[in-house]
Amino acid sequence: MCGRNPSYGWTSLQAGKDLLKQGLQSRLGNGKETNVWLDHWLPVLPPRLAQGNVQHLNMKVEELWKQGEKSWDENLLRSVLTHEDAELAKNIRLSRFAIHDKRIWSYTSTAEYTVKSGYWVATHLVPDNEKIEPPAGSLEVKKKIWRVKMEPKIQHFIWKAVAGAIPSSERLCSKTLDIDPVCQRCSKEHETINHLLFHCHHVKAIWRGARFAEFDNPNSTLEDNIRMMLQINERSTLRVEDRFLPFWIVWKIWKSRNEFIFTQKSTQAAEDVLKSMEAVAGWILAKPISPIQHNIQTQGISATWEPPPLGWLKCNFDSSIDNDYMGVGWIIRDEYGHYIESGWARLENVGSILEAEGNGFLYVVQRVWQKGFRQVWFEGDNLQLVNIINKQKDSLVLVNLLVDIYHWISKLPLCSLDHVGERRIWWPTN
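Using my numbering, you'd call the opening residue of the sequence shown number 618 and step up by one each time.
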């Protein structure tokens, strides 16, 4: 069957097997079934093999943990892996309730293989035997970008800028396309991403018009400028509009640049500044603000609050991300709406809103268990988290956090997790 002339069917099966290998990652359980050097286990996309000082080829991931514990030995990580890979590894959440290592698919949010995602991998992914360079840009800066609460499309655009993924003329030219790399607006310099957003004469006029002298340094790199945007966003002495304005300005610069190139429409710098200000002001007025308050006990019962069934308690919770930490707040009431308990906790920061909501929910479930409550209706405002848990699906973002959540809710005889305004009882099985 697999001699000199293997059949088409056999060849197809082998190709499919190789494709799956490229897109699979290990969700770490006991760490005994995942090879440090031969398996994909680092949280990167596309999946790649770990790099470092190969002491023995059959090394298992559990050997990178502290003796007798399910926690990373950071000194050992630094001695075995490269600095970048050691940082990636120590951020992987380990669960003492995850018994086995599990293979998950890296190209869907549910971690499940689909034909569509498989086709994408087959047509886009670099083979394993070719070197995969990590995306450009500082990992620290990228994490800070995702922690800022702003318009998602702008957030993604800024992340792409740091990663070198904005199709400026120079970037397109580097892809062997027959394109003039010179900026079409000033005709003086190559249109790098940094030039496009910060150094072109038209762009400099926009930054000056918005009174941001911080971006007038001709020697600043792209990363310098993005860091400055993040620093401005953290300045509590500024108005909220001014703290967020730089993000909207770079978005407007990009849109105006495209209009200039593709429709020959030219706008004045002052017009771009004004439209950026109007856009950020409109976003601030429209965005839902739900800060976690320390004094939750004083909050009244919302007109839409639905009481739990007789004998149950209802726990409303919400999470938020700050620049340096995440927080979760909760309030528990009985079937009559009477206050039982509330609280607020500061937790270690995470990389996304979904992770924050998941970590917050886990903390609240553990709190409820410690208090001796056993029939609880939980209600949160993140529909994505509610759907993942109620359908008991895997998640590429939550991974082992889900294992911990399922363990703790199984300890409650009866519980429900629902999206605000929608009830769906979840019956755990022991």
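Even for Gly, the Cβ is constructed at its ideal location relative to N, Cα and C.
Model, not experiment: these values are computed from the prediction.
Bridge pairing for G944: S937 and R963 [DSSP].
Residue E972 holds the alpha-carbon nearest to the alpha-carbon of V945 among A703, G648, S734 and E972. With contacts defined by Cβ atoms closer than 8 Å, L1015 and I1026 do not form a contacting pair. By alpha-carbon distance to L927, the top candidate from D951, G997, V967 and M943 is D951. Separation of Q987 and S873 (C-alpha to C-alpha, rounded to the nearest whole angstrom) is 56 Å. Inter-residue distance for A962 and Q885 is about 48 Å (C-alpha atoms, whole angstroms). Its chain contains I938, D939, N940, N966 and G968 as the residues whose beta carbon lies nearer than 8 Å to that of R764, once the 5 sequence neighbours on both sides are disregarded; these appear in chain order. Nearest to E974 by C-alpha distance, out of Y953, D935, L705 and I1022, is D935. By the criterion of at least three beta-carbon pairs nearer than 8 Å, the region 780-799 is in contact with the region 809-816.
Take the alpha-carbon of K719 and the one of R856: they are about 48 Å apart. Between the region 672-688 and the region 648-659, the count of Cβ pairs shorter than 8 Å is three or higher; the stretches touch. Around the beta carbon of S688, fewer than 16 other beta carbons lie within 10 angstroms, which makes this residue exposed. Between the C-alpha atoms of P664 and N933 there is a straight-line separation of about 37 Å. Here the alpha carbon of Y724 sits roughly 29 Å from the alpha carbon of E691.
Boundaries of the beta strand (DSSP E) harbouring G997: Q992 to G997, taken from the DSSP string.
If the five residues before and after D797 are omitted, its C-beta is found closer than 8 Å to the C-beta atoms of S786 and C790, all from its own chain and listed in chain order.
Bounds of the beta strand (DSSP E) holding W722 are K719 to W722. The continuous alpha helix (DSSP H) containing L862 extends over residues V857 to T880. Non-local C-beta neighbours of I783 in its own chain, meaning closer than 6 Å and more than five positions away in sequence, comprise K777 and I810, ordered along the chain. Unbroken beta strand (DSSP E) runs of no fewer than 3 residues, entirely contained in the region 789-826, are not found. For N692, the secondary structure class from DSSP, reduced to helix, strand or coil, is helix. Looking at the backbone, the Cα of F864 and that of A887 are separated by about 17 Å. For R844, the enclosing alpha helix (DSSP H) has its first and last residue at L839 to N850. With a cutoff of 8 Å on beta-carbon distance, K869 and S893 are scored as near each other. Per DSSP, reduced to three states, the secondary structure at N836 is coil, with no helix or strand assignment. In this structure, the alpha-carbon of T731 lies about 27 Å from that of S712. In the same chain as Q801, and ignoring 5 residues on each side of it, the C-beta atoms closer than 8 Å to its own belong to S786, E808, F877 and I878, in chain order. For E680, the closest C-alpha among the options Q668, A703, G669 and L693 is that of L693. Taken through DSSP and simplified to helix, strand or coil, N670 comes out as coil.
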